[in-house]
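**Q** Residue numbers (our numbering): 1418 to 1657. Below is the structure I would like to discuss, written out as structure tokens.
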């Protein structure tokens, strides 16, 4: 986290946009760094997410807007930093999304990607990945774009593969104060697994979802849980 804080401090972004902001958690991360900025805009296609973000992040320089990335109406080439946090796996067309991001950034600005990844994990982190993939499968059963997470190399390749991506800086987001879940956290996580089945109660494969949920509950008891690691990719945009 300290390396990300140093980066943000060094570049002094005044105008920031966070795409697919969800509940605004990445904006909260930025605010915790006590940076000097003029405005942060969080956008998401889900009105439910936007309403949750408005409740979670209350700041006079932060605004939230319901907007689909592919139909974005923000002013082009006007932001110092364009962020996409833990949402690469939510993109139907990642290459197109990156192209849109490059059109929002001003000359000299940065694209900031933060993404959890799969592969090369310990068994407790694998638990997180499996639970995430289970929820992603439920979303897809409800016609919501939610893919499984990529491994670290795939994320880097996808970003660097865009024709307008230039120099990149890559590192893992280190969480030094990571602690094991408390017993009550495990209870809450299991409860969330069970409740998520309500979203597929009429699905033809409901029994399969039910079996997977039970297996994940058992895994929580026998193996445990730790958050999957995350990668930071900071990219500069090539100009023509």
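The beta carbon of each residue, even a glycine, is placed where N, CA and C say it ideally should be. These figures come from a predicted structure and were not determined experimentally.
1) Which complete alpha helix (DSSP H) runs does the segment 1532-1599 hold, if anything under 4 residues is left out?
2) How about residue 1444 and residue 1435: are their beta carbons less than 8 Å apart?
3) Helix, strand or coil for residue 1632 per DSSP?
4) Where does the unbroken alpha helix (DSSP H) through residue 1422 begin, and where does it stop?
5) Do residue 1496 and residue 1433 have their C-beta atoms within less than 8 Å of each other?
6) Starting from the Cα of residue 1605, find the closest Cα among 1576, 1637, 1590 and give me that residue.
7) By alpha-carbon positions, which one of 1428, 1488, 1511, 1558 ends up nearest to residue 1571?
8) Work out the CA separation of residue 1448 and residue 1479 for me, nearest whole Å.
9) Taking the alpha-carbon positions, what's the residue 1470 to residue 1441 distance?
10) Quick one: give me the first and last residue of the alpha helix (DSSP H) that residue 1454 is part of.
11) In chain order, which continuous runs of the alpha helix (DSSP H) of length 4 or greater are located wholly inside the segment 1429-1494?
12) Could you tell me whether the segment 1607-1616 touches the segment 1501-1516, using the rule of 3 or more Cβ pairs below 8 Å?
13) DSSP state of residue 1526, grouped into three classes?
14) Between which two residues does the beta strand (DSSP E) holding residue 1640 run?
15) Alpha carbon to alpha carbon, how far is residue 1628 from residue 1458? Give it in angstroms, no decimals.
16) Of all the options 1549, 1573, 1626, 1430, which has the alpha carbon lying nearest to the alpha carbon of residue 1563?
**A** Well, looking at it:
1) Within the segment 1532-1599, the complete alpha helix (DSSP H) runs of at least 4 residues are 1540-1558, 1569-1577.
2) A contact, by the Cβ cut-off of 8 Å.
3) helix
4) 1419-1428
5) yes
6) 1637
7) 1511
8) 10 Å
9) 5 Å
10) Where residue 1454 is concerned, there is no enclosing alpha helix (DSSP H), given that its DSSP letter is neither H nor E.
11) 1442-1449, 1464-1473
12) These segments do not touch.
13) Look at residue 1526 here: in three-state DSSP terms it is strand.
14) Careful: residue 1640 lies outside any beta strand (DSSP E) and carries neither H nor E.
15) 41 Å
16) 1549
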